[in-house]
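Undergrad: Quick one: this structure, given as structure tokens, is what I'll be asking you about.
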Amino acid sequence: MSDKRKRTRAADRRIRVRAIPRDQPDIQKLSRALIALAMAQAQAEADAQKEHQTKQDEEERPGAA
């Protein structure tokens, strides 16, 4: 059963958020975290779209043959 589980990559687990009281927020850290989240979301959407397309292609093949 462990074969079927999706494993997260080490790069996906590098984002950490800790509350540290500051007068001004660290804009660079916030922007890096936001960009990393956006890239992860875009990759997940691309993977889902690719999987959906693959399923559609597989459904069309038996009818064409």
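Heads up: the sequence shown begins at 2 in our numbering, then just goes up one per residue. Quick reminder that beta carbons are idealized off the backbone N, C-alpha and C, glycines included. These numbers come from a predicted model, not from an experiment.
#1: Is ALA45 closer than 8 Å to ILE16 when the C-beta atoms are compared?
#2: May I ask you to report which of helix, strand or coil DSSP gives GLN25?
#3: Hey, out of VAL18, GLN54 and ASP27, whose CA is closest to LEU38's CA?
TA: Taking the structure as given:
#1: Reading the sequence shown from its first residue, position 15 is the one you call residue 16. Reading the sequence shown from its first residue, position 44 is the one you call residue 45. No. Outside cutoff.
#2: The count along the sequence shown starts at 1 and reaches residue 25 at position 24. It is coil, neither helix nor strand.
#3: Taking the first residue of the sequence shown as position 1, residue 38 is located at position 37. Closest by alpha carbon: VAL18.
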